[in-house]
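Here the sequence shown is numbered in the working numbering, starting from 1 and rising by one per residue. A short worksheet on the structure shown next.
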Amino acid sequence: MANQTKIALLKGYIETKGLKSTAQRDFIAETFFKTNTHISLEELLAKVKRKHKNIGYATVYRTMKLLGESGLAIARQFGDGQTRYENLPEDGHHDHIICIKCSKIAEFQNQKIEQLQSETAKKLGFTVVNHKLELYGYCADCS
Ligand SMILES: [Zn+2]
Ligand SMILES: [Zn+2]
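Written out as structure tokens, the structure is:
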């Protein structure tokens, strides 16, 4: 999905919430849409501040909350107390493996795991609509 489409969707969402879209909010969203990592609010704030020094943490926090609610960003918690956001993956679903020492986050896709998960759910009589799989350990540099 093009970033301009996402901005338009966000504006629509903000209107349905009875809020006004502001230049600051748009800029934060645009900055986020250009990222390709699992970015924390502090990291996003630092990026935003390079161009707009007067944007504060609270605005970034509220904007990302709206993006998460609207489905235009995925909020992730990897056990270090930080909320990180990532853009919707262009190539479908992926899972995460996280280093508990340096907080490196890698992504993986494995069709065998996906299949086993659906089979397991089916056996238990569940229809799965969503899942997250997170592996925690030490990365090659840390172990
Ligand atoms: Zn590490
Ligand atoms: Zn990811």
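Virtual Cβ for every residue (Gly too), placed ideally from N, Cα, C.
Check: For ligand 1, is there a heavy atom less than 7 Å away from the beta-carbon of TYR138?; Outcome: yes
Check: Taking its Cβ as the centre, do 16 or more other Cβ atoms sit within 10 Å of LYS101, making it buried, or is it exposed?; Outcome: exposed
Check: Please classify ILE113 as buried or exposed, where buried requires at least 16 neighbouring CB atoms within 10 angstroms.; Outcome: exposed
Check: Could you check the C-alpha separation between THR16 and LEU66 for me, to the nearest Å?; Outcome: 11 Å
Check: Quick one: is LYS122 buried, meaning 16 or more other Cβ sit within 10 Å of its Cβ, or exposed?; Outcome: exposed
Check: What residue from ASP26, GLY81, GLY12 and GLN4 has the CA that sits closest to MET64's CA?; Outcome: ASP26
Check: Return yes when the C-beta of ASP95 is under 7 Å from any heavy atom of ligand 1, and no when it is not.; Outcome: no
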